[in-house]
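Written out below as structure tokens is the structure these notes cover.
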Amino acid sequence: MKRAPTHSYPGINLGERHASAHKASEVVTFGFWVFLMSDLVYFGLMFATYITMIDAQAGGPGPHELFDLKSIFAQTLILLTSSLTVGLAMLALKYNLPRARIVLWFGVTLALGVSFLVLEMRDFLAMAEKGGIPQRSGFLSAYYGLVPLHGLHVAAGCLWLIVLGVQLRVMGMTDLVISRVMRLALFWHFLDLIWIGIITIVYFGGLTYG
Amino acid sequence: MDKRTEMHRRERRRYVIGYGGSLLLTLAVFAIAYHFGIETTGVYLTIGLLGLAQLIVQLVYFLHIDRRRSSREDLDLILFSTLVLLIIILGTVWILGNLAIRMHGM
């Protein structure tokens, strides 16, 4: 008896339970990893720019006046929890759990993603009120180049979640939809990794050396 | 059917462990920042190491990356991208840091 490969690429695998979807998603998942890694290089450039710009405050407001750690803490917990719930949504789909369960985890993830964005927007507005706008200094330009770029990715992830929710309803749990949900889960986990970099380098790094 | 439920439970446990670990590391980072203040390099080094630990926890438990049965070329892709990333970041910081010292005589 020939066994289906259980783990043929890094990351979340569908496994033998969905043999045909597994085979079909192998190539596109590899392609998606290529996209994620080139996106990572882009983020890396922005991180490098930020590190070199930490001192370039040009007399404008710096990290100590602008960063609100309580809000950052809340955003971190929200994003981390959404990384769990998107995984649970993917597992619910993978193991054919009742539709209500899948919809629940999708909904919770979307709600968490949106509340993250709301908190982040509030931070940006509060910073702008204190004079922290992108054109004020090199430091602020680098900050606004990096952190909202991550926020934009989260917004794209939310949109993607909505589209997949609709597809799940219209097309049902087809192989194609299942493999798309897997890629969304990869994307979402990847965004949480970037966020760890942001709190460590942008926020704590800025507060230590800025 | 039974094997399936077992596999589901095992995978879900993996996610919960990853979440618990990440949560603990996050709480530790913010507790340290709150308790000791974010001033010294020592505190920042601790925060940085905890951040690195969290990256590894999430790579293993959320993205399921390990050295076991993964196919080589995909792992090569990730490792090569990491190398490119390190060259970009360290190279930029090195060159521009050097330039800053020459320009301002810091």
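Which chain is which? The protein sequence lines are A and B, in order. For the first sequence, the numbering used here assigns the number 330 to the last residue and increments by one with no breaks. For the second sequence, the numbering used here assigns the number 1228 to the last residue and increments by one with no breaks. Beta carbons are placed, not taken as given, at the ideal position from N, Cα and C, and that holds for glycine.
Only counting the same chain, and skipping five residues up and downstream in sequence, which positions put a Cβ closer than 6 Å to that of residue i?
| i | result |
| --- | --- |
| V1151/B | I1169, L1172 |
| P125/A | Because P125/A sits at a pLDDT of 47, beneath the cut-off of 50, its placement in the model cannot be relied upon, and the following sentence gives the value as read from the coordinates. Once the five neighbours on either side are set aside, P125/A has no close Cβ partner at all. |
| P181/A | K250, G251, G252 |
| Q1176/B | S1144, L1147 |
| F91/A | Since the displayed chain A opens at 121 and closes at 330, residue 91/A lies outside it and no answer follows. |
| Q287/A | V297 |
| V206/A | T229, A305, W308 |
| W280/A | L304 |
| M1228/B | Confidence is the limiting factor: at M1228/B the pLDDT is only 49, short of 50, which leaves the residue's position unreliable, though a coordinate-based value still follows. Nothing meets the Cβ criterion. |
Under a three-way DSSP split, which group does residue i fall into?
| i | result |
| --- | --- |
| S145/A | helix |
| M293/A | coil |
| L1185/B | coil |
| Y329/A | helix |
| K250/A | coil |
| T1163/B | helix |
| G1219/B | helix |
| A178/A | coil |
| P218/A | coil |
| G317/A | helix |
| F187/A | coil |
| S203/A | helix |
| S257/A | coil |
| A124/A | Model confidence at A124/A stands at a pLDDT of 45, short of 50, so the residue's coordinates are unreliable; what they give is reported in the following sentence. Of the three classes helix, strand and coil, the one that applies to A124/A here is coil, per DSSP. |
| M1228/B | Residue confidence is low: M1228/B scores 49 on pLDDT, short of 50, so the model does not pin down where it sits. No coordinate-derived value is stated. |
Ignore the nearest five residues each way along the sequence and tell me which others in residue i's own chain have a CB closer than 7 Å to its CB.
| i | result |
| --- | --- |
| D243/A | D188, S191 |
| D175/A | none |
| Y264/A | P254 |
| V114/A | No information on residue 114/A is available, as it lies outside the stretch 121 to 330 that chain A covers here. |
| S203/A | W308, H309, D312 |
| T1163/B | none |
| M210/A | I132, V301, M302, A305 |
| G271/A | L237, E240 |
Measure from the alpha carbon of residue i to the alpha carbon of each residue in the options, then state which is nearest.
| i | options | result |
| --- | --- | --- |
| E146/A | Y323/A, T328/A, D295/A | D295/A |
| V154/A | G1142/B, R1134/B, L1197/B | L1197/B |
| G1139/B | I1209/B, L1218/B, Q1180/B | The question names Gly, but residue 1139/B is Ile in the sequence shown. Selected option, being the one with the closest Cα: Q1180/B. |
| H309/A | L156/A, G151/A, F150/A | L156/A |
| F324/A | H1186/B, V1165/B, V1182/B, G1142/B | V1165/B |
| L1199/B | E185/A, L245/A, S202/A, V161/A | V161/A |
| S261/A | I171/A, T149/A, D159/A | I171/A |
| E1133/B | I1154/B, L1185/B, W1216/B | L1185/B |
| I1210/B | S257/A, S158/A, Y329/A | S158/A |
| V1215/B | V290/A, M293/A, L165/A | L165/A |
| A194/A | A246/A, G258/A, E240/A | E240/A |
| L311/A | L200/A, P183/A, A168/A | L200/A |
| L284/A | I222/A, L186/A, R256/A | I222/A |
Give me, in chain order, the residues of the same chain whose beta-carbon lies closer than 8 Å to that of residue i; leave out the 5 immediate sequence neighbours on both sides.
| i | result |
| --- | --- |
| T196/A | W315, I319 |
| M1129/B | none |
| C278/A | L230, G233, V234, L237 |
At 8 Å on the CB atoms, spell out the chain A contacts of residue i, in chain order.
| i | result |
| --- | --- |
| V1215/B | A168, I171, T172 |
| R1135/B | Those within 8 Å of R1135/B in chain A number zero; the least Cβ separation is about 11 Å. |
| E1161/B | T328 |
| D1124/B | The contacting residues do not exist; D1124/B stays about 13 Å from chain A at best. |
| Y1210/B | Note that residue 1210/B is Ile in the sequence shown, not Tyr. The answer, in chain order, is V161, G164, L165, A168. |
So which residues of chain B does residue i contact, with C-beta pairs closer than 7 Å?
| i | result |
| --- | --- |
| F193/A | F1152 |
| S203/A | F1184 |
| M157/A | L1199, I1200, S1203 |
| H309/A | Q1180, F1184, L1185 |
| L245/A | Those do not exist, as L245/A stays about 23 Å from chain B at its closest Cβ, beyond 7 Å. |
Which chain A residues are close to residue i, counting only those with a beta carbon under 7 Å from its beta carbon?
| i | result |
| --- | --- |
| H1130/B | L211, Y215 |
Identify the contact partners of residue i in chain A, using a Cβ-Cβ distance below 9 Å as the criterion.
| i | result |
| --- | --- |
| F1158/B | Here the premise fails: no neighbours, minimum Cβ distance about 11 Å. |
| T1148/B | F193, T196, L197, L200, I316, I319 |
So which residues of chain B does residue i contact, with C-beta pairs closer than 9 Å?
| i | result |
| --- | --- |
| F324/A | V1151, A1155, I1160, V1165, Y1166, I1169, G1170, G1173 |
| L281/A | Going along chain B, no residue has its Cβ under 9 Å from L281/A, so there is no contact; the nearest lies around 17 Å. |
Contact the stretch 212-219 of chain A vs the stretch 288-302 of chain A: 3+ CB pairs below 8 Å: yes
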